[in-house]
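K.L.:
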Amino acid sequence: MHKRIEGIIPVMITPFGGDGKIDYAGLSRLIEWYIANGCDALFAVCQSSEMLFLNLEERVELAKFVVSTVDGRLPVVASGHVSDTLDEQAHELSAIAETGVDGIVLVTNRLDAARKGGSAFLDDLGWLLERLPETLPLGLYECPAPYRRLLSDDELMFCARSGRFSILKDVSCDLETVQRRVKLTEKTSLAVVNANAAIAHAAMLSGSKGFTGVFTNIHPDLYKWLLTEGEKYPDLANELAVFLALAAMAEPMGYPKLAKLYHKRLGTFEGIDSRAVDFDITERFWAVEALLAHIETGTRQFREKIARLS
Numbered sequence: 017m018h019k020r021i022e023g024i025i026p027v028m029i030t031p032f033g034g035d036g037k038i039d040y041a042g043l044s045r046l047i048e049w050y051i052a053n054g055c056d057a058l059f060a061v062c063q064s065s066e067m068l069f070l071n072l073e074e075r076v077e078l079a080k081f082v083v084s085t086v087d088g089r090l091p092v093v094a095s096g097h098v099s100d101t102l103d104e105q106a107h108e109l110s111a112i113a114e115t116g117v118d119g120i121v122l123v124t125n126r127l128d129a130a131r132k133g134g135s136a137f138l139d140d141l142g143w144l145l146e147r148l149p150e151t152l153p154l155g156l157y158e159c160p161a162p163y164r165r166l167l168s169d170d171e172l173m174f175c176a177r178s179g180r181f182s183i184l185k186d187v188s189c190d191l192e193t194v195q196r197r198v199k200l201t202e203k204t205s206l207a208v209v210n211a212n213a214a215i216a217h218a219a220m221l222s223g224s225k226g227f228t229g230v231f232t233n234i235h236p237d238l239y240k241w242l243l244t245e246g247e248k249y250p251d252l253a254n255e256l257a258v259f260l261a262l263a264a265m266a267e268p269m270g271y272p273k274l275a276k277l278y279h280k281r282l283g284t285f286e287g288i289d290s291r292a293v294d295f296d297i298t299e300r301f302w303a304v305e306a307l308l309a310h311i312e313t314g315t316r317q318f319r320e321k322i323a324r325l326s
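Counting the sequence shown from 1 gives a position; the working numbering is that position plus 16.
1) Which stretch, first to last residue, makes up the beta strand (DSSP E) that contains Y271?
2) I'd like to know whether the C-beta atoms of L152 and A113 end up nearer to each other than 7 Å.
3) Have a look at the DSSP bridge pairing and note the partners of L58.
4) Mind checking D35: buried by the 16 CB within 10 Å criterion, or exposed?
5) Would DSSP call D296 helix, strand or coil?
6) Considering just the uninterrupted stretch of the beta strand (DSSP E) at Y249, what are its terminal residues?
7) How far does the beta strand (DSSP E) with G142 in it reach, from first residue to last?
8) Considering K11, what are the terminal residues of the beta strand (DSSP E) in which it resides?
9) When you compare each of V293, F285 and G314 to G42 by their alpha carbons, which one comes out closest?
10) Taking only runs of the beta strand (DSSP E) that begin and end inside the segment 194-219, which ones reach a length of at least 3 residues, in chain order?
11) Beta carbon of A79, beta carbon of V117: below 7 Å?
12) In the DSSP assignment, find the unbroken alpha helix (DSSP H) run with S326 in it and report its ends.
13) Is the beta carbon of A213 within less than 6 Å of some heavy atom of the ligand GDP?
14) Compute the Euclidean distance between the alpha carbons of V194 and Y163, then round it to the nearest angstrom.
15) Alpha carbon to alpha carbon, how far is A309 from G142?
16) Taking H279 as the reference, give the member of L172, P250, D296 and H235 with the closest Cα.
17) Do T228 and A211 have their beta-carbon atoms positioned less than 7 Å apart in this structure?
18) Pick out the complete beta strand (DSSP E) segments inside the segment 95-178, 3 residues or longer, and give them in chain order.
19) Just how far apart, CA to CA, sit Q105 and L127?
20) The beta strand (DSSP E) with L184 in it runs from where to where?
21) My output table needs one value for G226: the three-state DSSP class, helix, strand or coil.
22) Quick check on DSSP: helix, strand or coil for G42?
Listed below in structure tokens is the structure:
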């Protein structure tokens with residue numbers, strides 16, 4: 017049985033330089049920022065990392081760099097299988113496995129990519145499991161792109177009972193579903209970790225083992241406090257939960273470029289280039305910088321409230 021990978025797990029963003037290549041200096045600063053802000057693990061090479069816009073060589077080098085920079089300070093998991101055919105996916109996942117990551121995350125919509133239904137998902141999964149290292153923990157990711165493919169209860173339990181899986185990044189965005197999945201997997205090695213900010217606090221109280229939504233790129237430390245201390249201070253936790261849910265409503269304003277703009281304001285990145293978002297978000301979404309300033313202010317105010325508790 018593998019050790020669980022849980023807690024506050026950022027879906028890492030990828031900075032790019034003006035030349036269009038990965039900005040590894042900026043990425044190094046970002047990794048240190050994650051660690052300084054209390055993150056428990058890092059999810060590299062995911063949708064937020066723009067994996068659909070990276071070639072395999074870039075995905076592999078990205079994972080290698082994160083593993084090397086983290087240097088064992090916390091677990092690193094990665095995905096990176098974006099192809100339709102199982103042969104290509106096995107090649108992609110094997111390449112990621114060789115980077116030294118602590119776990120490989122399987123994207124649910126890549127299994128039964130042709131959407132045949134029936135047993136196709138489990139058939140494809142079984143085929144891949146035979147070709148992936150048995151000693152490396154696995155995860156599941158209900159990635160929204162190119163489409164969201166939620167697991168059925170039977171599929172979830174097959175994975176949980178296999179002993180191969182350590183985490184489900186739950187993208188159901190539905191509290192009842194999270195609660196049911198927590199109950200289904202409570203005696204297995206698989207941790208259900210919610211990714212939706214609107215239900216983050218309630219999901220934690222229901223047994224979700226952390227948070228892995230996109231705003232872990234903005235204020236992961238506040239989610240960490242909510243997870244570890246929120247039950248002790250219910251009034252402040254409820255107030256914080258409302259702020260976090262409302263702040264996360266900014267996601268449609270050009271994420272992941274939105275998060276890169278935030279980190280440019282912090283000094284983490286020099287630019288906000290993105291392959292996934294090719295337009296000027298400040299032009300399309302008026303007052304987005306003013307909104308980020310309010311999020312910064314709210315984040316600072318809650319940090320101050322938390323600090324006064326000690």
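All residues carry an ideal CB built from backbone N, CA and C; glycine is no exception.
Predicted, not measured: the structure shown is a model, and the values here were computed from it.
P.N.:
To lay it out plainly:
1) From DSSP, Y271 is part of no beta strand (DSSP E); its letter is neither H nor E.
2) In contact: L152 and A113 (Cβ atoms closer than 7 Å).
3) Beta-bridge annotation (DSSP): L58 is paired with V92.
4) Exposed: under 16 other Cβ atoms inside 10 Å.
5) Here D296 sits in coil by DSSP.
6) Y249 -> no beta strand (DSSP E), and no H or E assigned at all.
7) Where G142 is concerned, there is no enclosing beta strand (DSSP E), although the alpha helix (DSSP H) it sits in stretches over A136 to L145.
8) Absent from the structure is residue 11, since the part of the chain shown begins at 17 and ends at 326.
9) Nearest C-alpha to G42: F285.
10) 207-210, all fully within the segment 194-219.
11) Less than 7 Å separates the beta-carbon of A79 from that of V117.
12) S326 -> no alpha helix (DSSP H), and no H or E assigned at all.
13) Summarising the ligand content, the structure contains no ligands, and the ligand GDP is consequently not present.
14) Roughly 19 Å between the two C-alpha positions.
15) Cα-Cα distance, rounded: 48 Å.
16) The candidate whose alpha carbon is nearest that of H279 is H235.
17) Taking 7 Å as the cut-off, the beta carbon of A211 is found closer than this to the beta carbon of T228.
18) Taken in chain order, the complete beta strand (DSSP E) segments of 3 residues or longer contained in the segment 95-178 are 119-123 and 154-157.
19) Inter-residue distance for Q105 and L127 is about 10 Å (C-alpha atoms, whole angstroms).
20) Note, L184: beta strand (DSSP E), F181 to D186.
21) In the three-state reduction of the DSSP assignment, G226 falls in the strand class, which pools E and B.
22) Annotated three-state conformation of G42 is helix, per DSSP.
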